[in-house]
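Chemist: Handing you a structure now.
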Amino acid sequence: MPRRPSSLETAAPLIPESPTLDKLREAAAGCRACPLWRTGTQTVFGEQEDRPRAGQPRVMFVGEQPGDQEDRAGRPFVGPAGRLLDEALETVGIDRRQVYVTNAVKHFKWGEMQGKKRIHAKPAYGEIRACKPWLEAEIRVFRPDVIVCLGATAAQALLGKDFRVTKQRGQPLHSEYARVVVATVHPASILRAPKAEDRHAQLKAFIQDLRVVADLLNGLEVGEGVSAHP
Ligand code: URA
Ligand code: SF4
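The opening position of the sequence shown corresponds to residue 4 in the numbering used here, with each subsequent residue numbered one higher.
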């Protein structure tokens, strides 16, 4: 039996040597590096549509953690937030097959119930830290040109604790993880806005941020790290 790390450790000892996506997914399925393995049904690892035919993904979208539907399906971004993301990608012309989607935290954390739906709870910093070796290994395996942080949790994991999405959203940033990193809001936050007009405005801003990503992928300004907003 492999040694299970205690709750104070991180997933680092579980990362296989010369990892591939399949090896990582298999190893992560048994991860108990933080207490969230008990609240989630299963580890929800990242994925790319139409693999391996689609080739290496060029862009990696990092969310917070799987939601209620993702936890049941065992796949990231298959619920309402994922549908919004898919539509926005289509709007800006990013081919879904070039995209790898994953989360900063790979088990579903939830607190209350609303009917049959389990309501998501924000992961703690220690849980983000414990899970980060999985995310770093995914980045090492794929070396995407662009990484997009969806919301504060992903931005905190990859850009540091003091990063503010509200201040620097939509800006191409230099990072150790990829040629360019862009942060924007989480699609679930758009869906949570109570008023239709706010949802509409937030969706517009989200699409504007994704256009920056689409331009980067089309070869404009890649590696320059300059703002795409003149
Ligand atoms: N929200 C996320 O952050 N990730 C998912 O996979 C689904 C919803
Ligand atoms: Fe492991 Fe991440 Fe799940 Fe915690 S959330 S048990 S670190 S896979």
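A virtual CB, placed ideally from N, CA and C, is assigned to each residue, including glycine.
Suppose the cutoff is 8 angstroms on Cβ atoms and the five residues either side in sequence are ignored; what does the same chain contact list for L176 look like?
Modeler: Taken in chain order, the residues that qualify are L162, V183, V184, V185, A186 and G228.
Chemist: Quick check: what's the CA-CA separation for W137 versus A217?
Modeler: Looking at the two C-alpha atoms, the distance is approximately 26 angstroms.
Chemist: Quick one: residues in its chain with C-beta nearer than 6 angstroms to the C-beta of P19, no 5 flanking neighbours on either side, listed in chain order?
Modeler: K26 and A30
Chemist: With DSSP as the reference, identify every bridge partner of R2, one or two as the case may be.
Modeler: This structure cannot settle anything about residue 2, because the visible part of the chain is limited to 4 through 233.
Chemist: Taking the runs of the alpha helix (DSSP H) that are 4 residues or longer, which of them lie wholly in the region 140-198?
Modeler: With a minimum length of 4 residues, the continuous alpha helix (DSSP H) runs that stay inside the region 140-198 are 155-162, 168-171 and 190-195.
Chemist: Just verifying my parser: in three-state terms, what is the DSSP assignment at Q51?
Modeler: Q51 falls in the strand class under three-state DSSP.
Chemist: Quick one: give me the first and last residue of the alpha helix (DSSP H) that G85 is part of.
Modeler: P83 to V95
Chemist: Rounded to a whole number of angstroms, what is the C-alpha to C-alpha distance between P16 and R61?
Modeler: 28 angstroms
Chemist: What is the DSSP secondary structure of T42, reduced to helix, strand or coil?
Modeler: helix
Chemist: Which residue's Cα is closest to the Cα of V188: A158, A133, E130 and T105?
Modeler: A158
Chemist: Quick check: what's the CA-CA separation for G85 versus A204?
Modeler: 19 angstroms
Chemist: List in chain order the residues whose CB is within less than 5 angstroms of at least one heavy atom of the ligand URA.
Modeler: G66, E67, P69, G70, E73, P79, F80, A84 and N106
Chemist: So, is R41 buried or exposed, given that buried needs 16 or more other C-beta atoms within 10 angstroms?
Modeler: exposed
Chemist: Between H110 and L219, how many whole angstroms is the CB-CB distance? I'm expecting something under 8 angstroms.
Modeler: Not confirmed; about 31 angstroms, so no contact.
Chemist: With I150 and M63 assumed to form a contact (beta carbons below 8 angstroms), what rounded beta-carbon distance in angstroms separates them?
Modeler: 5 angstroms
Chemist: What would DSSP say about P108, mapped onto helix, strand or coil?
Modeler: Position check: residue 108 holds Val in this sequence, whereas Pro was assumed. Correct three-state label for V108: coil.
Chemist: State the DSSP-derived secondary structure class of G66, mapped to helix, strand or coil.
Modeler: G66 carries a strand assignment under DSSP once its states are collapsed to helix, strand and coil.
Chemist: Using 10 angstroms around the beta-carbon of R121, count the other beta-carbons present and answer buried if the total reaches 16, otherwise exposed.
Modeler: buried
Chemist: What whole-angstrom Cβ distance do A181 and V168 have, given they're in contact under 8 angstroms?
Modeler: With 8 angstroms as the limit, A181 and V168 do not qualify as a contact, their Cβ atoms being about 17 angstroms apart.
Chemist: Grab me the residues of S192's own chain with a C-beta within less than 8 angstroms of its C-beta, minus the 5 sequence neighbours each way, in chain order.
Modeler: G154 and Q205
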